[in-house]
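Colleague: Residue numbers (this note's numbering): 3 to 291. Even for Gly, the Cβ is constructed at its ideal location relative to N, Cα and C.
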Amino acid sequence: DLSEEKKKIVVELSNLIKNKKTILIASIKDIPSSQYQEIVKKLRGKAIVKVPKKNIIFRALDSSGNEAIKKLRNHIKENFAILFSDIDAFELAAELISKKSPVKAKSGQEAVKDIEIQEGPTDLIPGPAITELGALGIQIKIEKGKIHIKEPKIIVKAGEKISATAADIMNKFNIKPFSVGFIPLALFDTKEEKLYLDIKIDKEKTIEEIKEAFGKALPFAVQINYISKDTIKFLIGKAGAEGKVLEELAPKDRTSGSIINPYIRFFVSFPFVKTYSSISIKHSSQSRL
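(1) Short of 8 Å in beta carbon distance, which residues of its chain neighbour Val182, apart from the five on each side in sequence? Order them along the chain.
(2) At which residues does the beta strand (DSSP E) containing Ile33 begin and terminate?
(3) Rounded to whole angstroms, what is the Cα-Cα separation between Lys246 and Ile151?
(4) Touching or not, the region 77-97 and the region 52-67, by the rule of three or more beta carbon pairs under 8 Å?
(5) Does DSSP put Pro130 in a helix, a strand or coil?
(6) Do Ala96 and Glu195 have their beta-carbon atoms positioned less than 8 Å apart in this structure?
(7) Which same chain residues, not among the five before or five after Gln111, have their C-beta less than 6 Å away from its C-beta?
(8) With Phe86 as the anchor, note down where its beta strand (DSSP E) starts and where it stops.
(9) Roughly how many angstroms separate the alpha carbons of Lys20 and Asn68, rounded to a whole number?
(10) Using DSSP bridges, identify the partner residues of Lys155.
(11) Ala28 bridges to which residues according to DSSP?
(12) DSSP on Ser181, reduced to helix/strand/coil?
(13) Would you kindly work out how many angstroms separate the C-alpha atoms of Lys108 and Pro130, rounded to a whole number?
(14) Quick one: what's got a C-beta closer than 6 Å to Phe236's C-beta in the same chain, skipping five residues either side?
(15) Let me know the secondary structure DSSP gives Lys240 once reduced to three states.
(16) Using alpha carbons as the reference points, say which of Leu63, Tyr228, Asp116 and Asn176 lies closest to Lys159.
(17) Please classify Tyr38: does DSSP put it in a helix, a strand, or coil?
(18) Would you mind reading off the limits of the alpha helix (DSSP H) that contains Val13?
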């Protein structure tokens, strides 16, 4: 049986499960205590963070009376935290991901990406560091009493284990190739009773994809004469160029040399100017024949 104190915790968790919009299970593995406290502090007002024992949270889930929410049991492993919030599930997940902090590498860790030492001056003085850098194949020279990296060098490739020497060099250069934080494992929306897994939110990648899509869409929008604040300057330039073509093709008064149709510039500003221009060019070509 549970003690009175633990029963109170079960009731508290059960009430949070019933009353909060979002429930999130996160891994807190390998997070130093100081960084854990810092993340919890930053989440104040947005989420309530609890780190109960598994049997306690299991009892709370079971006592909630919600069959759908019991599925969260399958995603509660070791070193977990459970968060309760009224904000959107994916907004909370994105908040957690943005709170991740860079950390130094340790010997034996597996690199998630290539780790490179950049060329340029350093604050290292000649000594044991020369041997360590040489062991990793890093070309150096001495300038003004300090070690200067002659060219960039990848010291650990993605997927490789980090050696003690590589970890020491990274620490000397203050390279922090890893990040720690709350890793979202499962989300549950209590209003919609939906469970979300395999949560991947990459803001930078999404922004780059949007930029790429915009770059492809802009030329097409100009081509079809779609008017917006982003296309208007291109359409004006396009109209001006096509206007010059029409001026050259338009018949002129033999005595004054002026263009017979004084409104030709007005027509240039309309989307159908391309069609109008094509007809004029075709007509001119037939006349010459």
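Modeller: Put simply:
(1) Only residues of its own chain outside the window of five on either side were considered, and among them Asp32, Ile33, Pro34, Gln37, Lys102, Ser103 and Val105 have a CB closer than 8 Å to the CB of Val182, listed in chain order.
(2) Going by DSSP, Ile33 is part of no beta strand (DSSP E) at all; its letter is neither H nor E.
(3) Lys246 and Ile151 have their alpha carbons spaced roughly 57 Å apart.
(4) As far as the Cβ criterion goes, the region 77-97 touches the region 52-67, which means the pair count is three or higher.
(5) Three-state result, Pro130: helix.
(6) Contact annotation: Glu195 and Ala96 have beta-carbon atoms that are not nearer than 8 Å.
(7) Within its own chain, the residues whose Cβ lies closer than 6 Å to the Cβ of Gln111, once the five positions on either side in sequence are excluded, are Ile164, listed in chain order.
(8) For Phe86, the enclosing beta strand (DSSP E) covers residues Phe82 to Ser87.
(9) Answer to the nearest angstrom: the Cα atoms are 8 Å apart.
(10) Answer by DSSP bridge pairing, in chain order: Ile119.
(11) Ala83 and Pro186, per the DSSP bridge assignment.
(12) Note: Ser181 maps to strand in three-state DSSP.
(13) Cα-Cα distance, rounded: 20 Å.
(14) Result list for Phe236: Val224, in chain order.
(15) Looking at Lys240 - three-state DSSP - the assignment turns out to be helix.
(16) Among Leu63, Tyr228, Asp116 and Asn176, the Cα nearest to that of Lys159 is on Asp116.
(17) In the three-state scheme derived from DSSP, where H, G and I count as helix and E and B as strand, Tyr38 is classed as helix.
(18) Its alpha helix (DSSP H) spans residues Glu6 to Asn21.
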